[in-house]
Structure formats: C-alpha cells, structure tokens
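Student:
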C-alpha cells in the first residue's frame, strides 16, 4: 500500500483554511481537498448542505472521493478478514506516510458528511428487510444445493437452512399477532420497528456466537493447512488436496460469500490464506461445484 502523494500538502494548512473555497461551486470542494485543507473541505460541505439541501449530489461526489482517498487496511483474525478505512485511533504504524489524510479519516468516522450526502439512517425495519432478503436468498440456495458434508440428514446444511427459515417465519407470525391487536397505525408502526430491532439484534448475536464457536474449527483447518504446506509434493499429497482440501476451500468461500463478499473476492481471499493454488482455480472450483448443486 503506497502512501497517497502529499506533494501539494502545505504544513499547518489542515489546521486552518488560507483561502475560502467557492461555496457556490458544485465542485468547490475539489481545491481544498487537493490541498488537504480539511477546514476548507468541512466549511464547504456544511455551507452547501445548508444552502442547497435539495441538491445532495455534490456532497455524494465529495464523499465518494474521500472514500477513495483515505487508505484502507486489512483486518484479520484466523480465517476472518475484511477491509476498512483507517481510523484515527489505529496504530500509528498504520498511519506512517498517510498522516496528511488523518483529518479526512475523521470526517468519514464522524459521519456528518455521510448523513448530509445520503440522508438520515434508514429505520431499523427497512434495514432489517433488506438484510432479510439476502438471508433468505442464501437459505434457499443452501436448501437446494448439494450437501458438502456427509451424515445424519437432521444435521445437514439443508436442514439447518430449513429451520432457520421457519424461525424467520415465526418472527412474522409474532409481529402480525401483535399488530392485529392494535387499531392505531402509529402503534402498529412502533411494533414493527420494535420487532425489527429485536430480530436484527438477535440475528447479529447469533452470527457472532457462531463465529466464536467456529474459531476452534479454524484452528483445526489452519493446522491442516500448515501440515500440507510442509509436506513434500507427492501423489499422496495431491490425493489429500483433492478431498479435504477441496472441502475446506468450498466451505471457506461459502462463508466469505455469506458475509457479503463477491464470489471473485472470496476466491482471492481464500487463495491468500493458502487455500487453493490461485484465485482463478478457486473461482473455477466454486463454479463447478455450483453446477453440480443445481
């Protein structure tokens, strides 16, 4: 990760704008941003939001540019990994070469620009419904695809997916029962928000609990990977990779995709962990497996 060039940065300018930005210009943020004049950037977007509340497009342009500008880091623990923007309280080592962008990271963290550009945070019921659509699509796929483990049907992936769908349906039943008891629309809306908040929190708690349980399995998988890496290349090693190694690759990609990564990105992450010879090989393996499962 190469530092963003800071040749136009003037020391001390981040603490006070020398020249006021053009508040009437839709691109008035460009010059202060190029000069890392963060006070100028903040002054511009606050002024634009207060004088042009009906036109958030320039604010979205600024937000997108800022997201591109502030560097990202990989957050890893075991097989879990994701990227996020650097934050102000991150290890100073991560900020070496990027110090001139720290105020930009702070703007992203505080969220004032994001709220001005994208509007208020959606209601919990709206967020939960969007999230639930993704969940149910994944559950349907698990019910219809080929099993990746062998054993009792009641412990199969399809069985778990079916039970999960039934529990989601039960949430709907509870909500309808509560709403049906109250004729007032404002109360019904409150009930829907309340149920969505509880459902979303419970789902996230379950997801984190499952991730915590899965750390032991990650330990076993990681040990197996280290053993295979240290072994000599032989026919026996190839045979081992064709069975348990394939299963581990597919399981890990499945988990990454369920966490929101694209199939291509999941293939890259799995390869970076030592799962599979390359991202391309993982992608092809996944596609072949999906064809078999349909």
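Numbering (the numbering used here), first residue to last: 373 to 666. For every residue, glycine included, the Cβ atom is placed at its ideal position computed from N, Cα and C. Being a predicted model, the structure only gives us computed values, none of them experimental.
Could you check what DSSP says for residue 556 in three-state terms: helix, strand or coil?
Tutor: Looking at residue 556 - three-state DSSP - the assignment turns out to be coil, as it is neither helix nor strand.
Student: So the alpha helix (DSSP H) residue 474 belongs to, where does it begin and stop?
Tutor: Here the alpha helix (DSSP H) through residue 474 covers 474 to 482.
Student: By the 10 Å Cβ neighbour count, where 16 or more other Cβ atoms means buried, how is residue 648 classified, buried or exposed?
Tutor: By the neighbour-count rule (16 or more Cβ atoms within 10 Å), residue 648 is buried.
Student: When the distance is taken between beta carbons, is residue 425 closer than 8 Å to residue 413?
Tutor: For residue 413 and residue 425, no; Cβs fall outside 8 Å.
Student: Is residue 461 near the ligand HEM - that is, is its Cβ less than 7 Å away from at least one heavy atom of it?
Tutor: In the structure on display, the ligand HEM does not appear, and there are no ligands present to speak of.
Student: Leaving out five residues before and five after residue 528 in sequence, what residues of the same chain have Cβ atoms less than 8 Å from its Cβ?
Tutor: Excluding residues within five positions, the ones whose Cβ falls inside 8 Å are 519 and 521.
Student: CA-CA distance, residue 415 and residue 395?
Tutor: Approximately 8 Å between the Cα atoms of the pair.
Student: Excluding the 5 residues preceding and the 5 following residue 615 in the sequence, name in chain order all residues of the same chain whose CB lies nearer than 6 Å to its CB.
Tutor: Its pLDDT being 43, under 50, residue 615 is placed unreliably by the model, and the measurement read from it follows with that caveat. None.
Student: Taking residue 451 as the reference, give the member of 565, 491 and 621 with the closest Cα.
Tutor: It is 621 whose Cα lies nearest to the Cα of residue 451.
Student: On a CA-only basis, which of 557, 508, 526 and 550 is nearest residue 539? Give me that one, please.
Tutor: Considering only alpha carbons, the answer is 508.
Student: Where does residue 423 sit, in a helix, a strand or coil, going by DSSP?
Tutor: Residue 423 falls in the helix class under three-state DSSP.
Student: How do the region 631 to 644 and the region 654 to 663 stand: do at least 3 beta-carbon pairs fall below 8 Å, yes or no?
Tutor: As far as the Cβ criterion goes, the region 631 to 644 touches the region 654 to 663, which means the pair count is three or higher.
Student: Expressed to the nearest angstrom, what Euclidean distance is found between the alpha-carbon atoms of residue 609 and residue 618?
Tutor: For residue 609, the predicted model reports a pLDDT of 38, less than 50, meaning its position is unreliable; a value from the coordinates is still stated below. If you take the alpha carbons of residue 609 and residue 618, they lie about 13 Å apart.
Student: So residue 692 is in the beta strand (DSSP E); what residue range does that whole segment cover?
Tutor: There is simply no residue 692 to check, as the chain begins at 373 and stops at 666 in what is shown.
Student: Report the three-state DSSP secondary structure of residue 626 (helix, strand or coil).
Tutor: DSSP places residue 626 in helix when its eight states are reduced to three.
Student: Quick one, which of 586, 482, 563 and 489 has its alpha-carbon nearest residue 627's?
Tutor: The candidate whose alpha carbon is nearest that of residue 627 is 586.
Student: CB residue 458 to CB residue 479, shorter than 8 Å?
Tutor: It is not a contact, given that the beta carbons lie outside the stated cut-off.
Student: State the Cα-Cα distance for the pair residue 410 and residue 579, rounded to the nearest angstrom.
Tutor: Those two C-alpha atoms are separated by around 38 Å.
Student: Pick out the complete alpha helix (DSSP H) segments inside the region 526 to 592, 4 residues or longer, and give them in chain order.
Tutor: Counting whole runs of 4 or more residues, the region 526 to 592 contains the alpha helix (DSSP H) stretches 529 to 552.
Student: On the three-state DSSP scale, how would you describe residue 522?
Tutor: Coil.
Student: Less than 8 Å between the beta carbons of residue 431 and residue 408, yes or no?
Tutor: No, the pair does not count as a contact, with Cβ atoms beyond the cut-off.
Student: Counting along the chain, where does the alpha helix (DSSP H) carrying residue 493 start and finish?
Tutor: Premise fails: residue 493 is in no alpha helix (DSSP H) and is neither H nor E.
Student: Assess contact between the region 491 to 507 and the region 558 to 573, defined as three or more Cβ pairs (one per stretch) separated by less than 8 Å. Is contact present?
Tutor: With a cut-off of 8 Å, the region 558 to 573 and the region 491 to 507 count as touching, because enough Cβ pairs lie within range.
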